[in-house]
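A.B. asks: Just dropping this structure here.
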Amino acid sequence: MDGKQDDIENIGDDHLDSEKKYKMIAENVSVFYDDVEAVKNVTMKFKERSVTSLIGPSGCGKTTFLRCLNRMHDMTKNARVQGRILLDGEDLYAKDKDPIYHRRKVGMVFQKPNPFPTMSIYDNVAAGLRLNGVKDRRILDEIVEDSLKMAYVWDEVKNNLKKPAIELSGGQQQRLCIARALAIQPEVLLMDEPASALDPIATQKIEETITELAREFTIIIVTHNMQQAVRVSDYTAFMYLGDLIEFNETKKIFTQPKNELTSKYVKGQFG
Amino acid sequence: MSRQIPFSKRRLPTDKIFKISAMVAGSYVLVIIVLIVFQLSSESYPIWQREGLAFLTGSDWNAVEGRESFGAAPYILGTLVTASLAMIIGVPLSIGIAMFISQAPKYLSGPLSILIELLAAVPSIIYGLWGIFVFRQVMLDWVEYPLYEVFGDNVWIFSSAPFGLDIFSASVILAIMIIPTISAVSREIMIAVPQQQKEAAYMLGATKWEMFRLAVFPYAKTGLIGAAILGLGRAVGETMAVTMLIGNATGPSAFPQSLFQPGQTMSSIIANEFIEASPASLHLPALVGVGLILLLVAICINVVAHILVSRMLKVREGAINA
Numbered sequence: 006m007d008g009k010q011d012d013i014e015n016i017g018d019d020h021l022d023s024e025k026k027y028k029m030i031a032e033n034v035s036v037f038y039d040d041v042e043a044v045k046n047v048t049m050k051f052k053e054r055s056v057t058s059l060i061g062p063s064g065c066g067k068t069t070f071l072r073c074l075n076r077m078h079d080m081t082k083n084a085r086v087q088g089r090i091l092l093d094g095e096d097l098y099a100k101d102k103d104p105i106y107h108r109r110k111v112g113m114v115f116q117k118p119n120p121f122p123t124m125s126i127y128d129n130v131a132a133g134l135r136l137n138g139v140k141d142r143r144i145l146d147e148i149v150e151d152s153l154k155m156a157y158v159w160d161e162v163k164n165n166l167k168k169p170a171i172e173l174s175g176g177q178q179q180r181l182c183i184a185r186a187l188a189i190q191p192e193v194l195l196m197d198e199p200a201s202a203l204d205p206i207a208t209q210k211i212e213e214t215i216t217e218l219a220r221e222f223t224i225i226i227v228t229h230n231m232q233q234a235v236r237v238s239d240y241t242a243f244m245y246l247g248d249l250i251e252f253n254e255t256k257k258i259f260t261q262p263k264n265e266l267t268s269k270y271v272k273g274q275f276g
Numbered sequence: 460m461s462r463q464i465p466f467s468k469r470r471l472p473t474d475k476i477f478k479i480s481a482m483v484a485g486s487y488v489l490v491i492i493v494l495i496v497f498q499l500s501s502e503s504y505p506i507w508q509r510e511g512l513a514f515l516t517g518s519d520w521n522a523v524e525g526r527e528s529f530g531a532a533p534y535i536l537g538t539l540v541t542a543s544l545a546m547i548i549g550v551p552l553s554i555g556i557a558m559f560i561s562q563a564p565k566y567l568s569g570p571l572s573i574l575i576e577l578l579a580a581v582p583s584i585i586y587g588l589w590g591i592f593v594f595r596q597v598m599l600d601w602v603e604y605p606l607y608e609v610f611g612d613n614v615w616i617f618s619s620a621p622f623g624l625d626i627f628s629a630s631v632i633l634a635i636m637i638i639p640t641i642s643a644v645s646r647e648i649m650i651a652v653p654q655q656q657k658e659a660a661y662m663l664g665a666t667k668w669e670m671f672r673l674a675v676f677p678y679a680k681t682g683l684i685g686a687a688i689l690g691l692g693r694a695v696g697e698t699m700a701v702t703m704l705i706g707n708a709t710g711p712s713a714f715p716q717s718l719f720q721p722g723q724t725m726s727s728i729i730a731n732e733f734i735e736a737s738p739a740s741l742h743l744p745a746l747v748g749v750g751l752i753l754l755l756v757a758i759c760i761n762v763v764a765h766i767l768v769s770r771m772l773k774v775r776e777g778a779i780n781a
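Those protein sequence lines, which keep their order, are chains A and L.
So the first sequence is numbered by my numbering: it starts at 6 and just counts up by one.
So the second sequence is numbered by my numbering: it starts at 460 and just counts up by one.
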């Protein structure tokens, strides 16, 4: 495994230099829905403890690509994934790999807040822990509190942990979902337009949360909102019609894009 | 510069005719229900007058003139016992079938759904014929006798010598008959659980079973209960196959005591005796009285089931911010 890790380190990428390791690497990933190729041969590397934004017009394949990263496509009946996705050098799609094991390491937050509606706030956060056999009440209490704090929603809910999760506001629900994902201590957090269903204030809170989380986690976020990409992310990838057009530090993508399409998109001339 | 558009005058008379005919068609449903209840009530009036509420609790069933005495309790109980047993056997199986179909790949789930719906369309008499000529013997040899041999001495529900035409056979046939209904509706309901809920469970590293436990069952609980009750409605009203298999006891001996003993349900006693019941005696009013009880039970069950199922299907996407 160490050898593999070294190989990956050596795949040079001049624009992404820092001492951080690559947490996750997608190699030649293509996704097909039946015969339609939605993601075309995308290769990308994600540094640990960084935030990467995926931007691009609707239908460019960014969400489809994101869902490859924790094998969410396994459940889509007509989807097929090609290529390799490495998490710390291990291929998620290797034959002997159990997707369940990896999903526990790669958390996900969805576009619409999706707390379990019949469960309380506490039970929502504890759901993943209980699933993994944690029964000790003390440990549960501790992790639930930590997760809610990390997701910046603790102060708002600490007095009604028994309340049904659906009674929270949309923004609170989304941060609850982040807490639920964090509770099982993932290493990578995928976010699919986590703020698109929220108002500006809730969006701001989510963005602050993301910035804070980036100290510990590798975050990959799909967004339609270019200002958001600028605000929260270290790296930005621009996708168009299934192709990865440009991938660079966020600052460079938005100030001196190399590709003309990228330039037009970030200036708001199409998309 | 406006153009003249040749609007025709609205033809109010035809509108009115349409409105009236639509109302007539709509009220048909209500009228039929009211008429049936009224008819059943008035036809059974003599028996209520004679027996009063004892009709619900009594167990005599004597149609001989002069010594007439009627009580529907064994048949009410018979219906409750067979329907409950059918539910106990049928509901878990149906939920399992629905879980499988909702998860199966397309080339399996499509044909299976169609097959299940076809099963629901098999006429009850066919199940009855199969039951009496094939199923009865199989049950007798492979299930009833072994149970009797092992538990007969100690467990009262297995205590009488099996015959094949008994409460147990009737209940199992009923279970087979309600499985298509329950599994078809349950499948619908499981599919209606938003994908986001299922993905939330998978995201936490759930297996398929854990996904059902975490996302599907809590979300779909009311709907699944509704589906089961819909099956109960069918089990309670089902006549033909039950009549052929239950053994048709009457009077006090029809009280369900052991599963391997002949019994009688509300619908089977009507099917068995209506032809010989004379309208002049109390026999026919008694049968109609049983029919009235059956109808009221069936209506209640169906109303509850429909409320639960439709509430569930309505929530669909909306539940998140409800």
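C-beta: ideal position from N, C-alpha, C; glycine also.
Got a sec: is the Cβ-Cβ distance from ARG85 of chain A to anything in chain L below 8 Å?
C.D. replies: It does not; no Cβ of chain L falls within 8 Å.
A.B. asks: Is it the case that the CB of ASN119 of chain A approaches a heavy atom of the ligand MG more closely than 7 Å?
C.D. replies: In the structure shown, the ligand MG is absent, as is every other ligand, since no ligand is present at all.
A.B. asks: Which chain L residues sit within Cβ distance under 8 Å of ILE189 of chain A?
C.D. replies: Result: LEU663 and GLY664.
A.B. asks: How about PRO738 of chain L: is its C-beta nearer than 8 Å to some C-beta of chain A?
C.D. replies: Answer no: the Cβ-Cβ gap between PRO738 of chain L and chain A never drops below 8 Å.
A.B. asks: Between LEU145 of chain A and SER645 of chain L, what straight-line distance do the alpha-carbon atoms span, to the nearest angstrom?
C.D. replies: Using only the alpha carbons, I get a separation of about 34 Å.
A.B. asks: Going by Cα to Cα distance, which pick from L:VAL652, L:GLY696 and L:VAL581 is closest to ASN761 of chain L?
C.D. replies: Looking at the Cα atoms, L:GLY696 is the closest of the given residues.
A.B. asks: Measuring alpha carbon to alpha carbon, tell me which residue in L:ALA694, L:TYR487 and L:TYR504 is nearest VAL747 of chain L.
C.D. replies: Comparing Cα positions, the closest option is L:TYR504.
A.B. asks: Would you grab the beta carbon distance between GLN720 of chain L and ILE591 of chain L for me? Rounded to a whole angstrom, and I think it's under 8 Å.
C.D. replies: Their Cβ separation, rounded to whole angstroms, is 17 Å, which puts GLN720 of chain L and ILE591 of chain L out of contact at 8 Å.
A.B. asks: Which term fits MET558 of chain L, buried or exposed, when burial requires 16 or more other beta carbons within 10 angstroms of its beta carbon?
C.D. replies: Answer is buried; the Cβ neighbour count reaches 16.
A.B. asks: Out of curiosity, what's the CA-to-CA distance linking PRO118 of chain A and LEU755 of chain L?
C.D. replies: Approximately 44 Å between the Cα atoms of the pair.
A.B. asks: Please list, in chain order, the residues of the stretch 464 to 498 of chain L that have any C-beta partner in chain A closer than 7 Å.
C.D. replies: Residues passing the 7 Å Cβ filter: none.
A.B. asks: Can you find at least 3 beta carbon pairs, one from the stretch 686 to 695 of chain L and one from the stretch 532 to 549 of chain L, that sit closer than 8 Å?
C.D. replies: With a cut-off of 8 Å, the stretch 532 to 549 of chain L and the stretch 686 to 695 of chain L count as touching, because enough Cβ pairs lie within range.
A.B. asks: Tell me the rounded alpha-carbon separation between GLY569 of chain L and ALA713 of chain L.
C.D. replies: GLY569 of chain L and ALA713 of chain L: Cα-Cα distance of roughly 44 Å.
A.B. asks: Taking C-beta to C-beta, are VAL36 of chain A and THR69 of chain A nearer than 8 Å?
C.D. replies: Contact flag set, yes.
A.B. asks: Does DSSP put MET124 of chain A in a helix, a strand or coil?
C.D. replies: In this structure, MET124 of chain A counts as coil in the three-state DSSP scheme.
A.B. asks: Count the other CB atoms within 10 Å of the CB of ASP22 of chain A; is the residue buried (16 or more) or exposed (fewer)?
C.D. replies: Legend: pLDDT at ASP22 of chain A = 48, less than 50; position of this residue unreliable, value from coordinates given subsequently. Result: exposed.
A.B. asks: Could you tell me whether the Cβ atoms of ILE556 of chain L and ILE638 of chain L are closer together than 8 Å?
C.D. replies: Yes, these two residues count as a Cβ contact at 8 Å.
A.B. asks: What are the boundary residues of the beta strand (DSSP E) that GLY685 of chain L is part of?
C.D. replies: It is not in any beta strand (DSSP E) - GLY685 of chain L instead sits in the alpha helix (DSSP H) that spans 676 to 696.
A.B. asks: For TYR270 of chain A, decide whether its Cβ has a neighbour in chain L, counting only Cβ atoms nearer than 8 Å.
C.D. replies: Judged by the 8 Å Cβ criterion, TYR270 of chain A is not in contact with chain L.
A.B. asks: Using a Cβ cut-off of 8 Å (strictly closer), state whether TYR604 of chain L contacts chain A.
C.D. replies: Output row for TYR604 of chain L: interface = no.
A.B. asks: Name the chain A residues that come within less than 8 Å of GLU669 of chain L, Cβ to Cβ?
C.D. replies: Neighbours of GLU669 of chain L on chain A, chain order: LEU136.
A.B. asks: According to DSSP, simplified to helix, strand and coil, what is VAL762 of chain L?
C.D. replies: Three-state result, VAL762 of chain L: helix.
A.B. asks: So if DSSP puts LYS242 of chain A in a beta bridge, which residue, or which two residues, is it bridged to?
C.D. replies: Here the sequence assigns Ala to residue 242 of chain A, which means Lys is not the residue at that position. In DSSP, ALA242 of chain A forms a bridge with A:LEU59 and A:PHE252.
A.B. asks: Could you work out which residues of chain L lie near PHE121 of chain A, taking near to mean beta carbons separated by less than 9 Å?
C.D. replies: Here the neighbours are GLN656, ALA659, ALA660, LEU673, ALA674, PRO677 and TYR678.
A.B. asks: Can you tell which of L:PRO621, L:LEU767, L:ALA513 and L:ARG526 has its C-alpha closest to the C-alpha of ILE535 of chain L?
C.D. replies: When each option's Cα is compared against that of ILE535 of chain L, the closest is L:ALA513.
A.B. asks: I want to see whether chain L comes within less than 8 Å of GLU14 of chain A, judged by CB atoms only; does it?
C.D. replies: A caution first: GLU14 of chain A carries a pLDDT of 37, below 50, which makes its placement in the model unreliable, though a value can still be read off. GLU14 of chain A does not count as touching chain L.
A.B. asks: In chain order, what residues of the same chain have a beta carbon less than 8 Å from the beta carbon of ILE684 of chain L, not counting five sequence neighbours either side?
C.D. replies: Answer for ILE684 of chain L: LEU767, listed in chain order.
A.B. asks: In this structure, what does DSSP give as the bridge partners for ASP197 of chain A?
C.D. replies: Bridge partners of ASP197 of chain A: A:VAL227.
A.B. asks: For the candidate residues A:GLU265, A:GLU32, A:THR267 and A:ASN230, whose alpha-carbon lies nearest to that of LEU92 of chain A?
C.D. replies: Ranking the options by Cα distance to LEU92 of chain A, first place goes to A:GLU32.
A.B. asks: What's the gap between the Cα of ILE250 of chain A and the Cα of ILE224 of chain A?
C.D. replies: If I take the Cα positions, the gap works out to 20 Å.
A.B. asks: Would you call VAL593 of chain L buried or exposed, if buried means 16 or more other Cβ atoms sit within 10 Å of its Cβ?
C.D. replies: VAL593 of chain L should be labelled exposed.
A.B. asks: Would you kindly work out how many angstroms separate the C-alpha atoms of ILE491 of chain L and ALA484 of chain L, rounded to a whole number?
C.D. replies: Near 11 Å, if we compare the C-alpha coordinates of ALA484 of chain L and ILE491 of chain L.
A.B. asks: Based on Cα-Cα distance, which residue from L:GLY623, L:SER618 and L:ASN613 lies nearest to TRP601 of chain L?
C.D. replies: Of L:GLY623, L:SER618 and L:ASN613, the residue nearest in Cα terms is L:GLY623.
A.B. asks: Can you check whether the CB of ALA184 of chain A is closer than 8 Å to the CB of GLY155 of chain A?
C.D. replies: Reading the sequence as shown, one finds Met at residue 155 of chain A and not Gly. A contact, by the Cβ cut-off of 8 Å.
A.B. asks: Is it right to say GLY777 of chain L is buried, meaning 16 or more other beta carbons lie within 10 angstroms of its own, or is it exposed?
C.D. replies: Low per-residue confidence applies at GLY777 of chain L: pLDDT is 44, beneath 50, and the placement is therefore not dependable enough to give any value.
A.B. asks: Going by DSSP in three states, LEU91 of chain A sits in which element: helix, strand or coil?
C.D. replies: Three-state result, LEU91 of chain A: strand.
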